[in-house]
Amino acid sequence: LGDRYLVWALDARGHGLTTLPASTFGYTSWRRHRDDLIALVERHCTQPVTLAGHSMGATVSLLAAAKRPDLVASLALIEPVILPAAAYAFAELPFGPLLQRWTNPMARSAANRRERFEDRVYAARAFSGRGVFKTFPPEVIADYLTDGLQEDRRGGLRLSCSPKFEAATYCAQRHDPWSALRAVSCPLALLRAEKGSTIAAAAMHRLAALKPQARVATVEGASHMLPMERPDRVRAAIESAVLMARGGKRFPDNDL
Numbered sequence: 005l006g007d008r009y010l011v012w013a014l015d016a017r018g019h020g021l022t023t024l025p026a027s028t029f030g031y032t033s034w035r036r037h038r039d040d041l042i043a044l045v046e047r048h049c050t051q052p053v054t055l056a057g058h059s060m061g062a063t064v065s066l067l068a069a070a071k072r073p074d075l076v077a078s079l080a081l082i083e084p085v086i087l088p089a090a091a092y093a094f095a096e097l098p099f100g101p102l103l104q105r106w107t108n109p110m111a112r113s114a115a116n117r118r119e120r121f122e123d124r125v126y127a128a129r130a131f132s133g134r135g136v137f138k139t140f141p142p143e144v145i146a147d148y149l150t151d152g153l154q155e156d157r158r159g160g161l162r163l164s165c166s167p168k169f170e171a172a173t174y175c176a177q178r179h180d181p182w183s184a185l186r187a188v189s190c191p192l193a194l195l196r197a198e199k200g201s202t203i204a205a206a207a208m209h210r211l212a213a214l215k216p217q218a219r220v221a222t223v224e225g226a227s228h229m230l231p232m233e234r235p236d237r238v239r240a241a242i243e244s245a246v247l248m249a250r251g252g253k254r255f256p257d258n259d260l
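In structure tokens form, the structure reads like this:
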């Protein structure tokens, strides 16, 4: 894609190599990530852009497009986190985010994740073939660790996204992607994984009713880690979104 388009890759607050402060205090939604993305586009882009993201990045892109439609030409959403409406109602309870520390299995798993490693070789061995990384090819593991690890002042390496912040991210669900979906009017391409998707089947039916013109496809055999497993399908979805923003014909379903 970089051969044909100008591509910006954002390190979200608390992830990668960004130096933005990442406190878990008051972290109850992904709106701060939405506002960071909007600020980046406002500062560096002179015309509406195609926003593409995976998981939280996809949901944040959707939230940004709803808040600032003037900045967004189209969306490519890869396995966005779009939960049943009841999940967001639960998050709005007085102690919703706190309760999710115990009720959300992803948050519990993240909180227990190992944070420090002796070196990159040791870290690669620790991740390879385990958990969500089981389907990652070796070269993808290497790419993941390039910015996923930083030098630790105490020696060795540490995760760029701390387990504490990652767990808090899973619990911070006081945003409303369903309202955002209703609000956006730009072209939209969406990929859903067949296995363990963060988009419930019922949500897919509601999505189809809300956005009948959206390009939506389920990738057979893929898990939530779809970009690492099927980069070809992700690339096609992004190009489809770019093409739709330019008023061109959409790619055939089997290419998305």
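Count along the sequence shown from 1, then add 4; that gives the number in this note's numbering. Where a beta carbon is used, it is the ideal one built from N, C-alpha and C, also for glycine. Quantities reported herein were computed from a predicted structural model and do not represent experimental measurements.
Where do the N-terminal and C-terminal ends of the beta strand (DSSP E) with residue i fall, by residue?
i	result
Q154	L153 to E155
I203	Unbroken run through I203: none, as it is neither H nor E.
H54	Correcting the residue identity first, residue 54 is Thr in this sequence and not His. It spans V53 to H58 - the beta strand (DSSP E) in which T54 sits, taken as one unbroken run.
R178	Where R178 is concerned, there is no enclosing beta strand (DSSP E), given that its DSSP letter is neither H nor E.
A197	L192 to A197
R8	No beta strand (DSSP E) contains R8, which DSSP labels as neither H nor E.
Could you have a look at residue i and say whether DSSP puts it in helix, strand or coil?
i	result
F140	coil
A172	helix
A218	coil
L24	coil
F273	Since the first residue of the chain shown is 5 and the last is 260, residue 273 is not available in this structure.
P73	helix
T63	helix
T32	coil
V188	coil
P167	helix
P101	helix
Less than 8 Å between the C-beta atoms of residue i and residue j, yes or no?
i	j	result
A114	A171	yes
A187	A70	yes
L41	V11	no
S227	G200	yes
P52	L21	no
A218	T54	no
L163	R124	no
L66	P84	yes
L195	L230	yes
L192	L79	yes
A127	L153	yes
P101	A16	no
V223	E198	yes
R36	E96	no
T202	S59	yes
I82	A240	no
N108	Y174	yes
A130	R118	yes
G57	F169	no
C165	P73	no
R38	A68	yes
Identify every residue that forms a DSSP beta bridge with residue i.
i	result
S78	T54
V223	A197
R120	R162
I145	Partner(s): none; I145 has no beta bridge.
I86	I203
State the start and end residues of the unbroken alpha helix (DSSP H) segment that holds residue i.
i	result
R112	P109 to A115
R162	Element bounds for R162: not the alpha helix (DSSP H) but the beta strand (DSSP E), L161 to L163.
Y92	A89 to A95
R250	Premise fails: R250 is in no alpha helix (DSSP H) and is neither H nor E.
I42	R35 to H48
L14	Segment: none, L14 is in no alpha helix (DSSP H) and carries neither H nor E.
E233	L230 to E233
Measuring CB atoms only, is the segment 154-162 touching the segment 40-49, in the sense that at least three cross pairs come out at less than 8 Å? Too few Cβ pairs lie closer than 8 Å, so no.
Per the contact definition of three or more C-beta pairs closer than 8 Å, is the segment 140-149 in contact with the segment 177-197? Not touching, per the Cβ criterion.
Taking contact to mean 3 or more Cβ pairs, one atom from each stretch, closer than 8 Å, check whether the segment 203-223 and the segment 22-40 are in contact. Taking one beta carbon from each stretch, the segment 203-223 and the segment 22-40 have fewer than 3 pairs nearer than 8 Å; the two do not touch.
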